[in-house]
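Q: Supplied in structure tokens, the structure appears directly below.
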Amino acid sequence: CPSLKMLPEGLSSITTLKELKIESMPKAFKERLEKGGEDFYKVEHVPSIIFQNIW
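In my numbering, the protein residues as written are 1 to 55.
Next up, the structure:
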């Protein structure tokens, strides 16, 4: 969803999440989720994060 600006806070509480796929999002959104990014703490527990069709 390109209108999504950030991931919800509650995502960090889903400790059993094994894979997160982010697709068709702006590059800035991806950068927020990468190590050192503003929202990295929300996804750092997820073993596999897949980015596709980032623009």
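We put the beta carbon where it would ideally sit given N, CA and C, even for glycine. Computed from a predicted model, the values in this text were never measured in an experiment.
Can you give me the start and stop residues for the alpha helix (DSSP H) that Pro33 sits inside?
A: Checking the sequence, you will find Leu at residue 33 rather than Pro. Residues 27-33.
Q: Kindly indicate which residue of Lys18, Pro8, Lys30 has the alpha-carbon position closest to the one of Ile54.
A: Comparing Cα-Cα distances from Ile54 to each of Lys18, Pro8, Lys30, the minimum goes to Lys30.
Q: From the DSSP output, which residues share a beta bridge with Phe40?
A: Phe40 pairs with nothing; no bridge assigned.
Q: Looking at Ser3: is its Cβ nearer than 8 Å to the Cβ of Lys42?
A: Taking 8 Å as the Cβ cut-off, Ser3 and Lys42 do not qualify as a contacting pair.
Q: Take Glu9 and list the residues in its own chain whose beta-carbon comes closer than 8 Å to its own, dropping the five residues that flank it on each side.
A: Closer than 8 Å at the Cβ level, and outside the excluded window around Glu9, lie Lys42.
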